[in-house]
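Be aware that the sequence shown starts at 61, since it is given in the working numbering, and climbs by one per residue. Glycine included, C-beta positions come from ideal geometry on N, C-alpha and C. In this text, all values refer to a predicted model and were calculated from it rather than measured experimentally. First comes the structure, then the notes that go with it.
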Amino acid sequence: MNARPRSQTAMVVISACVVVLTAFYYAFPGQRLIFVAIGATGVFGILLGVFLNQPAHRFPWLLLAAGNLAFAAGQAAQIILIELSRDMVPFPSVADGFYLAAYPLYAAGLLGFVHWRTSWRDRAILIDALTLTVGLALLSWLYLIEPYARAEDLTWVQKVFSIAYPLGDVLVLAMLLRLLVGRGGKNRSLMLLTVGTVGLLAADVAYGLIQLNGTWSTGTAVDLGWAVLYGAWAAAALDPSMRSMTEPLAWPAETGTGRLSLLTLASLIAPVILLVDAVRGVDTDVGVIGVFSAVLFLLVLYRLAGVVVIYRRAVGREKALRTAVSSLGGAGDLWDVATAVDSAVTELMTHGPARSALLTLQDNKLWVNGTHGGVHGPLTAPGAAAVRELAATGTNRLVTLDGVGLDLAAHLTDPEEGPTHVGHALVCPLISQDHPSGDPQLGVLIVAGDEQDLLVLRETLATLAAQTALAVTRLALAEEINQRNSEAYFRTLVQNASDVILILDDADRIRYASPSADQLLGVPDLEGTHLIDLVPPQDSRTVAETLGRIRSREYQTRRDHWRMVRTDRATIEVEVRWSDLREEATVGGVVLTLRDVTDQRKLERELTHQAFHDSLTGLANRLLFQERVNHALVQAQRDGTVVGVIFLDVDDFKVVNDIHGHGVGDELLVALSLRLQTTVRASDTAARIGGDEFALLVEGAVTPTGVERITEHLMTVFAEPFRLSVGPVSTYASVGVATTEDSIDSVELLTHADLALYAAKTAGKRRWRRYHPELQRGMAERANLLEGLDSSSIETSFTVLYQPIVELVSGRIAGFEALVRWPHSTRGMVLPEQFITLAEESGQIVPLGAWVLDQAAAEAVRWEDSVLRDGTADRTAPYVSVNVSPRQFRDDEFHSVIRRALELSGIEPSSLVLELTESVLMYNDERVLAEMTSLNDLGIRIAIDDFGTGYSSLSYLREFPISILKIDKSFVDELGRSSEQYALVEGITHLAETLGLTVIAEGVEEVRQQELLIEMGCRLGQGYLFAEPVSAEEAEHLVLAPPLGRLAGTP
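So, in structure tokens, the structure goes:
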């Protein structure tokens, strides 16, 4: 059960209790305590009402309850005194103290209602209340206060207490009149409070008169007035309307006739008293009446002065309104209308700054003249919605400023008002039934200011709003006429244009379409068609938002691309250009120009695809791959997964190109891409990022192990031969892997994958490596070495060591292999495998190789001289073998470098051996063959270094002028432990013998290896079993020393 029914039920019960107790009181006069029960019931009723109805402010009600409690206590004390003194009550007594204490409480309670109900201040209401109070106070003075003051049978104490009662009544009466004057008379709780107060005053007056003319006794009809006080105030507190007694009321717009009648009666009280007393022949206290009459006269004069001021303001309002109507009649556009309205509001609002806003709903345009300056433009969506809701009622409404939207209220708020001040605004809708749009709601006029001023100006502002609506309607009609007159001319200009021209109204309906629209869209008559109906359903929302932004001037550009649907359901693409010409009188709408760009867009998509995809394989290119990597990293951060990047480089792809031609090379790349696409998951991205380099983006992996499993699977898949037009072709790949476990962004992830690929290629190809921090450090080390290599002087920074090549059987030295070394100042001795590759990449290998060749040739000549000087018959001069890198061999000046070394050193060409790797032979072009043939013609022998580890082919041994095969150390290491390896080395040896080639075994470190090599017919070898690389001086000493084989323990 809610509070309202409960409070109403309680009001009925309490009222019935008061009535029943009052009846018992008069039925049994001797039971005087019943009246105390009536008072207690009244107090309980007020407290119960406060509890049930929960008013916003309880304090005034509690003061009234306290006053009734004091009054009931006085009656209880009086009854007790009557019983004790046998109907003779002393005066004054304790009871009088309780009685008199009630009046300030009553007055304070009523004043609390005045405070909470009327937060505004109106001098007219105050003057009216004072006028009524002074008039009634005159009656109290003449008939109660003055008789008490002149009573000779009363002591001065008795006189004071006697006079205090009518003074208390006057105080309560003043508060009641202040509460009643103005609005609020229809409030039932207020009416009940008034009834109770009147009962109190009537009983007090009767009590006072009886006291003057006789002896007071209880049980008379006078007690009924106090009973009415208790019951009516209890009912007022229990009535649900009591909550509004402490809520603010609107300011009264005008003075009512009832209020004027009361003021008239109050001002006639003094003359009527004089007239009555004159007729009765009674002496009158003319002085007192004169004083009260003077006060009344001054109050009336003050009130009349206020009326004159109000009249003058009304005349000023009428003048301002006439001026506004004249200005509105001559307004040429909405700006002029807004200016006229602003001038009128400025002249009307004499108190405080003029703050007004004019909003036209048709175009959502806003003109504001606020405390922060003028504002002109569209209203924001929340503000427009709030104002439209107020305007939809069609009636003038007085609201608080926050009711018109926060953005508009910020412009209309007076900066001098405190943050707790509640501003008000009068909302006047602009309504016209004759507007061309058919919508009667044209806009709204909002004026902010003081509540009293707005209520006084309410009718005037409503008239101004009506005139503004007429002006807006007139302008709209004029625009409509101008538009219709200009459209014929406009059609003449555009009817032969190839582009389609559309004019849209504010509802996005096509108001005009050029004739070319029929050819483009297949619709002969588009007028009245909603533009959204011409676009695909999935694009309708986007197009609607674009049109909204066009009208709100949010777009910086004036062009877009849309899809549209023809009548044959075919979708075309159009380039849309727009101009917002709604403010142009000749157009009055949004102009769209459509151009068919279907073929152009198709070509652009093809070009875009080519820009982000490899034209040969159709895979993503580097740009698209990097974009996918960035997107994958963002997604991985959200779902906590691992992203992996796999770089794949085809080993020796150039060899395939050189052997079979570029056409077969392209076939191989396509086959590689197809195999890559069929191997990976649908969520992964495969890309070709270089000539023979591919990449794979792996998304959604739980751990890095998942990426590694995919890598291992790729290595297995790519090991299978590819079927090309020339037949099966086998190729291998080097793979580098990096994951987000050790990378923080896309740049680092791709860099790490590239480092891992480099590590895989460096490790010997046909394998994969995962990135680890050591690679980064290795690259830093590599960069430092490269920097040192570039800054080093070859003559002073490098040295050449020589490792003997001996006859395995005799141990005699047959030759030396020249090995370059780099004795670094801080790193110590840097081995060739650490810097030769860097020198190859940087090009330093060319001058370095030439310098090594010169040094080795010169040393070989010195060895020959030493042998000649020694004169030993069985000792021959050793040859020198120099390594030549592929880049050095392919250098255009290589042949000249060889000739220069021969000439400068004087070495016999037969004493010089050039060691080449198999990679040089893989190119198999005429230039390589010609170069090798030219060297052979000079008498220089050519050796194939590390034979069997590269792209070996027996045809090379027949086609190229090769003299020596050097078996790689990896084959020699397994001779004593693997029969297959033994058979392989033995086969190479026998093959070389058949072809007339000399075989040299590299890396001989054990006597058993030497024995096995001798057993299979290998004549020469080199390795730590015989000697480590030595300096030139030590090499010369070895030339003259005993055979190394016997020193190593061989016979």
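Exercise. Tell me, to the nearest whole angstrom, how far the beta carbon of W286 is from that of L253; I am working on the premise that it is less than 8 Å.
Key: Here W286 is actually not in contact with L253; their C-beta atoms are around 15 Å apart, not less than 8 Å.
Quiz prompt | Closest Cα partner of V1032 within the set E1046, F1020, V405, P1021 | solution = Cα-wise, what sits closest to V1032 is E1046.
Quiz item: The beta strand (DSSP E) with H621 in it runs from where to where?
Solution: Looking at the DSSP string, the run of the beta strand (DSSP E) that includes H621 is 619-625.
Quiz prompt | Status (buried if at least 16 other CB within 10 Å, exposed otherwise) for S803 | solution = Residue burial annotation: S803 is buried, with at least 16 other C-beta atoms found within 10 angstroms of its C-beta.
Quiz item: By the 10 Å Cβ neighbour count, where 16 or more other Cβ atoms means buried, how is F685 classified, buried or exposed?
Solution: With a threshold of 16 other beta carbon atoms within 10 Å, F685 meets it and is buried.
Quiz item: Which of helix, strand or coil does DSSP assign to E780?
Solution: Annotated three-state conformation of E780 is coil, per DSSP.
Quiz item: In terms of alpha-carbon separation, which member of G608, R609, E635 lies closest to L580?
Solution: Checking every option, the nearest Cα to that of L580 belongs to E635.
Quiz item: Are there 16 or more other CB atoms within 10 angstroms of the CB of D494, so buried, or fewer, so exposed?
Solution: Exposed.
Practice problem: Determine the DSSP secondary structure at T677, reduced to helix, strand or coil. | Solution: It is coil, neither helix nor strand.
Exercise. Using the Cα positions of A1095 and V927, report the straight-line distance between them to the nearest angstrom.
Key: Here the alpha carbons of V927 and A1095 stand approximately 12 Å from one another.
Quiz prompt | Cβ contact (3+ pairs, closer than 8 Å) linking the stretch 590-606 and the stretch 620-630 | solution = Yes: the two stretches touch, three or more of their Cβ pairs being nearer than 8 Å.
Exercise. Ignoring anything shorter than 4 residues or poking outside the stretch 719-773, list the alpha helix (DSSP H) runs there in chain order.
Key: Complete alpha helix (DSSP H) runs here, min 4: 722-739.
Quiz item: Are the Cβ atoms of W882 and F895 separated by less than 8 Å?
Solution: Going by C-beta atoms, W882 is nearer than 8 Å to F895.
Exercise. Provide the residue span of the alpha helix (DSSP H) that contains T399, from first to last.
Key: Secondary structure note for T399: its alpha helix (DSSP H) is the uninterrupted segment 394-408.
Quiz item: Which residues bound the beta strand (DSSP E) around D1005?
Solution: Residues 1001-1007.
Self-check item: Whole-number beta carbon distance between S743 and T677, since they are thought to touch under 8 Å
Solution: About 19 Å separates the beta carbon of T677 from that of S743, a gap too long to meet the 8 Å contact definition.
Exercise. Closer than 7 Å by C-beta to L165: which residues in its own chain qualify, once you throw out the five before and the five after it? Chain order, please.
Key: So the list reads L123, A126, G127, A130, once near-sequence residues are dropped.
Quiz item: According to the Cβ coordinates, are L170 and V232 closer than 8 Å?
Solution: Cβ atoms of L170 and V232: closer than 8 Å.
Exercise. Please work out which residues of its chain come closer than 7 Å, Cβ to Cβ, to D393, disregarding the five sequence neighbours upstream and downstream, and give them in chain order.
Key: L535.
Quiz item: Between F173 and the rest of its own chain, which residues show a CB-CB distance below 6 Å, the 5 nearest in sequence each way excluded?
Solution: Closer than 6 Å at Cβ, skipping near neighbours: P120, L239, M305.
Quiz item: In chain order, what residues of the same chain have a beta carbon less than 7 Å from the beta carbon of G760, not counting five sequence neighbours either side?
Solution: Contacts found: T701, S743.
Quiz item: Quick one: what's got a C-beta closer than 7 Å to G966's C-beta in the same chain, skipping five residues either side?
Solution: So the list reads V921, once near-sequence residues are dropped.
Quiz item: Assuming V795 contacts F713 under a Cβ cut-off of 8 Å, what Cβ separation, rounded to an integer in Å, is found between them?
Solution: That belief does not hold up - the Cβ atoms of V795 and F713 are roughly 14 Å apart, past 8 Å.
Practice problem: Give a yes or no on contact between the stretch 485-494 and the stretch 521-536, applying the rule of three or more CB pairs nearer than 8 Å. | Solution: A contact exists between the stretch 485-494 and the stretch 521-536.
Quiz prompt | M409 burial status per 10 Å Cβ neighbour count (16 or more: buried) | solution = Around the C-beta of M409, 16 or more other C-beta atoms lie within 10 Å, and the residue is accordingly described as buried.
Practice problem: Tell me whether T480 sits in a helix, a strand or coil according to DSSP, three-state version. | Solution: Residue confidence is low: T480 scores 43 on pLDDT, short of 50, so the model does not pin down where it sits. No coordinate-derived value is stated.
Quiz prompt | Presumed contact (8 Å Cβ cut-off) between E1065 and Y1084, rounded CB distance | solution = Confirmed, Cβ separation roughly 5 Å.
Quiz item: Between A384 and A391, is the Cβ-Cβ spacing less than 8 Å?
Solution: No, the pair does not count as a contact, with Cβ atoms beyond the cut-off.
Exercise. Would you tell me roughly how many angstroms separate the C-alpha atoms of L236 and V464, rounded to the nearest one?
Key: Their Cα atoms are separated by approximately 36 Å.
Practice problem: Count the C-beta pairs between the stretch 984-1004 and the stretch 947-961 that are closer than 8 Å, then say yes if the count reaches three, no if not. | Solution: Contact between the stretch 984-1004 and the stretch 947-961 is present, because at least three Cβ pairs lie under 8 Å.
Quiz item: With A70 and L284 assumed to form a contact (beta carbons below 8 Å), what rounded beta-carbon distance in angstroms separates them?
Solution: Not really, about 23 Å apart at Cβ, beyond 8 Å.
Quiz item: Straight-line CA distance for R544 to E643?
Solution: Rounded to the nearest whole angstrom, the C-alpha separation of R544 and E643 is 15 Å.
Quiz item: Cα-Cα, which of V716, F1020, L418, L845 is closest to V507?
Solution: Considering only alpha carbons, the answer is L418.
Practice problem: Indicate whether the contact test is met: 3 or more Cβ pairs, each with one atom in the stretch 1075-1094 and one in the stretch 858-875, closer than 8 Å. | Solution: Segment contact: the stretch 1075-1094 against the stretch 858-875, three or more CB-CB distances shorter than 8 Å; contact assigned.
Quiz item: Within 10 angstroms of its Cβ, does L663 collect 16 or more other Cβ (buried), or is it exposed?
Solution: Counting Cβ neighbours within 10 Å, L663 comes out exposed, since fewer than 16 surround it.
Practice problem: Assign F88 to one of two classes, buried (16 or more other C-beta atoms within 10 Å of its C-beta) or exposed (fewer than that). | Solution: Burial call: exposed.
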